Ligand code: NDP
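Residue numbers (the numbering used here): 8 to 468.
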C-alpha cells in the first residue's frame, strides 16, 4: 500500500512547513505489538520510578519552552503568548499528577476483622495498552490529561496527536523518551483520521479520546463490542448568563476573553451569552467595545490576540452560521466574514437579536464568533442554557452568591462557574454530560480512571 503523505501546513500563511508520512495500518499494528510486549515490565516498575520520569519530562518542558511554543504557534496558529500560557498550565498539571498519583493509586485496606481472620483490600491495576487519540486545540493540555496519569499508572500508551498538531506530538514523545519512558511504552502514532481508525482496530485495552462529538460517536461505535474502557471528551456549546446586578464592563471584559481566547477554539469557549433584558443593551455595547480592541494578526507577534483558525474547513462552518443567523433576523454588530489573506482567517464576530432557531446558538462554532440573546429572567435563562445537546460547562455572572448557587444547581453541565468561565483546574474532574462526553480526566478521579480496581479477599489460615 502506498505511503500516505502528511503535509504540515502553517494556518497563518497556508505554507507547507514540512512534509511527513502517515503511519499506515502495518506500522500501527507493529506499534501495538511493541507496546504490548513492553507494558508488563513498565507496569511492574515501582510507581516512584514512573513518577520520576514525569519529573524529568517537566524539566524538559521548562528548558525547551520557547521552542515548544514556537512550534505550537507555527502548526496550530495559536498566538504566541497563548502558546506560552499553555506550557505554563502544563507544568501546573504535571505538578498535580506528581504530587497526587502515588497516594491515589496506593493499595487500600477497606476492611479487617481478626476474629474472622479476614482482610479486604483494593489495588489499582493498569488497564494495559491504551489508545490516546487527541485534539489539536490544546495539544499539551488534552494530551497530558491522559498520557501522564496513564503512564504513571503503569499503562503503555499509543498516542495519536491530531494531524494538525503532529510536530507538537513529536516533541512530546521526544521529551518523554529523553526523560526515561521506554520508546515502546509511549509510542506516537503519526497521521490523520485513517491512522486513528487503524489504531482502534488493534486489540487495545482502552481508548481515551478528545475531539468532536461526530468523531467521538465513531470511536464509541468502533469500540462498542470489545468491552474495553471508552472515555470521550467531546465538544460543547457553552452558555453564560449575565444577571442584572453585575458590573457590566467587568462582565463584558471577562466574557469577551472567554469567547475569543485561542481564537474561540477551546472546548470550553463561551459560545452563547444570555443577558438579563434590564442590562442587555449596555452589556452589548461594552462587549463590542472590548472585542474591537483585540489585535488580529500574525500569531508570532507578541501583541496578537486573535490568530487564524487551525482548520480551513471551519471557515465554511462560520460563514454558514452567519448566513443562517442573518436570514433569520440576527444583527451583525462586528465582523461576520472571512478575512481575505492567505491562511484561514475569520473576523471576530458578534451577533445580537439571535434565538434558538439559529445554528449559531445550537451547533458548536469553534471559532471567533458569539451570539448574545436577551432574556426576561433567571428561569428563562436556565431554560435556554439547558436547551442544547451539549453539557460541558456553563456559567453565571452575578454579585449574589445564593442566586448563583440556585442557578448553577439547575444547569446540566460537567463544570459550572460563578463569575468566571473558560477555566480548567487540575484539581477538579473534567467531564461532560449529553453529547459532551462520557468519563473524565483530571482530579484524583482522573488518575484512577487509568486503572481497574482489583478486589482482594484475604483469609489467613
Ligand atoms: P476531531 O474529532 O476532528 O479529531 C479528534 C481526533 O480524532 C484527531 O486526532 C483526529 O485525527 C482523530 N480522528 C478523526 N477521525 C477518526 C476516526 N475515524 N477514528 C479515530 N480517530 C479519528 O476533533 P478536533 O481535533 O478538530 O478537535 C476539536 C473538537 O474537540 C471540538 O469539538 C472540541 O470541543 C473538542 N474538544 C473537547 C475537549 C474536552 O475536554 N471536552 C478538549 C479539546 C477539544 P486528525 O485530526 O488527524 O484527523
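Think of the CB as a built atom: it goes at the ideal place given N, C-alpha and C, for glycine as much as any other residue. From a predicted model like this one, the values you see are computed outputs, not experimental measurements.
Using C-beta distances below 7 Å, list every residue in its chain close to residue i, excluding the 5 sequence neighbours before and after it, in chain order.
{"i": "residue 178", "result": "75 and 78"}
{"i": "residue 349", "result": "20 and 21"}
{"i": "residue 424", "result": "400, 402 and 430"}
{"i": "residue 298", "result": "263, 267, 341, 355 and 357"}
{"i": "residue 469", "result": "A query on residue 469 cannot be resolved here, the shown segment of the chain reaching from 8 to 468 and no further."}
{"i": "residue 305", "result": "19 and 311"}
{"i": "residue 107", "result": "451 and 454"}
{"i": "residue 335", "result": "364 and 365"}
So which of the options has the shortest CA-CA distance to residue i?
{"i": "residue 252", "options": "237, 435, 183 and 287", "result": "287"}
{"i": "residue 434", "options": "89, 96, 26 and 59", "result": "96"}
{"i": "residue 198", "options": "400, 14, 444 and 184", "result": "14"}
{"i": "residue 343", "options": "302, 357 and 351", "result": "357"}
{"i": "residue 47", "options": "162, 219 and 60", "result": "162"}
{"i": "residue 321", "options": "305, 368 and 272", "result": "272"}
{"i": "residue 312", "options": "229, 65 and 89", "result": "89"}
{"i": "residue 450", "options": "71, 104 and 36", "result": "104"}
{"i": "residue 63", "options": "181, 137 and 351", "result": "181"}
{"i": "residue 84", "options": "157, 183 and 270", "result": "270"}
{"i": "residue 471", "options": "24, 23 and 34", "result": "Since the first residue shown for the chain is 8 and the last is 468, residue 471 is missing from the structure and cannot be characterised."}
{"i": "residue 203", "options": "231, 192, 174 and 170", "result": "170"}
{"i": "residue 240", "options": "101, 326, 41 and 145", "result": "145"}
{"i": "residue 370", "options": "332, 385 and 346", "result": "332"}
{"i": "residue 102", "options": "86, 69, 91 and 82", "result": "69"}
{"i": "residue 115", "options": "462, 467, 468 and 301", "result": "462"}
{"i": "residue 303", "options": "347, 452 and 155", "result": "347"}
{"i": "residue 276", "options": "397, 222 and 468", "result": "397"}
{"i": "residue 24", "options": "345, 99 and 173", "result": "173"}
{"i": "residue 360", "options": "192, 258, 377 and 227", "result": "377"}
{"i": "residue 274", "options": "243, 465, 257 and 300", "result": "243"}
{"i": "residue 393", "options": "213, 442, 260 and 201", "result": "442"}
{"i": "residue 235", "options": "228, 250 and 214", "result": "214"}
{"i": "residue 192", "options": "175, 32 and 157", "result": "157"}
Mind checking who residue i pairs with in its DSSP beta bridge?
{"i": "residue 28", "result": "12"}
{"i": "residue 245", "result": "277"}
{"i": "residue 193", "result": "164"}
{"i": "residue 404", "result": "249"}
{"i": "residue 216", "result": "140 and 239"}
{"i": "residue 178", "result": "Looking at the DSSP assignment, residue 178 forms no beta bridge with any residue, so it has no partner."}
{"i": "residue 133", "result": "458"}
{"i": "residue 112", "result": "Answer is none; residue 112 lacks a bridge partner."}
{"i": "residue 338", "result": "359"}
{"i": "residue 283", "result": "382"}
{"i": "residue 466", "result": "125"}
{"i": "residue 424", "result": "402"}
{"i": "residue 345", "result": "353"}
{"i": "residue 291", "result": "DSSP lists no partner for residue 291."}
{"i": "residue 6", "result": "Here the chain covers residues 8 to 468 and nothing more, so residue 6 does not appear."}
{"i": "residue 447", "result": "438"}
{"i": "residue 23", "result": "16"}
{"i": "residue 377", "result": "357"}
{"i": "residue 431", "result": "Answer by DSSP bridge pairing: none, since residue 431 is not bridged."}
{"i": "residue 313", "result": "303"}
Can you give the beta carbon distance from residue i to residue j, rounded, assuming they're within the 8 Å contact cut?
{"i": "residue 421", "j": "residue 409", "result": "Going by Cβ atoms, the distance from residue 421 to residue 409 rounds to 23 Å, so no, they are not a contact pair."}
{"i": "residue 195", "j": "residue 168", "result": "7 Å"}
{"i": "residue 139", "j": "residue 153", "result": "4 Å"}
{"i": "residue 381", "j": "residue 284", "result": "5 Å"}
{"i": "residue 400", "j": "residue 245", "result": "5 Å"}
{"i": "residue 403", "j": "residue 220", "result": "That pair is no contact at about 25 Å."}
{"i": "residue 50", "j": "residue 121", "result": "In fact, because the Cβ distance is near 33 Å, the residues do not count as touching under 8 Å."}
{"i": "residue 351", "j": "residue 315", "result": "5 Å"}
{"i": "residue 211", "j": "residue 137", "result": "6 Å"}
{"i": "residue 290", "j": "residue 255", "result": "5 Å"}
{"i": "residue 456", "j": "residue 446", "result": "6 Å"}
{"i": "residue 454", "j": "residue 417", "result": "In fact, because the Cβ distance is near 30 Å, the residues do not count as touching under 8 Å."}
{"i": "residue 293", "j": "residue 259", "result": "4 Å"}
Please go through the same chain and pick out, in chain order, the residues whose beta-carbon is closer than 6 Å to the beta-carbon of residue i, but skip the five residues on each side of it.
{"i": "residue 494", "result": "Absent from the structure is residue 494, since the part of the chain shown begins at 8 and ends at 468."}
{"i": "residue 149", "result": "141, 142 and 217"}
{"i": "residue 131", "result": "112 and 458"}
{"i": "residue 166", "result": "139, 154 and 195"}
{"i": "residue 411", "result": "403, 405 and 425"}
Residues in its own chain within less than 8 Å of residue i by CB, not counting five upstream and five downstream?
{"i": "residue 109", "result": "54, 55 and 58"}
{"i": "residue 460", "result": "129, 130, 131 and 132"}
{"i": "residue 71", "result": "178 and 182"}
{"i": "residue 327", "result": "366"}
Checking contacts by CB at 8 Å: is residue i closer than that to chain D?
{"i": "residue 209", "result": "The structure shown contains no chain D, having only a single protein chain."}
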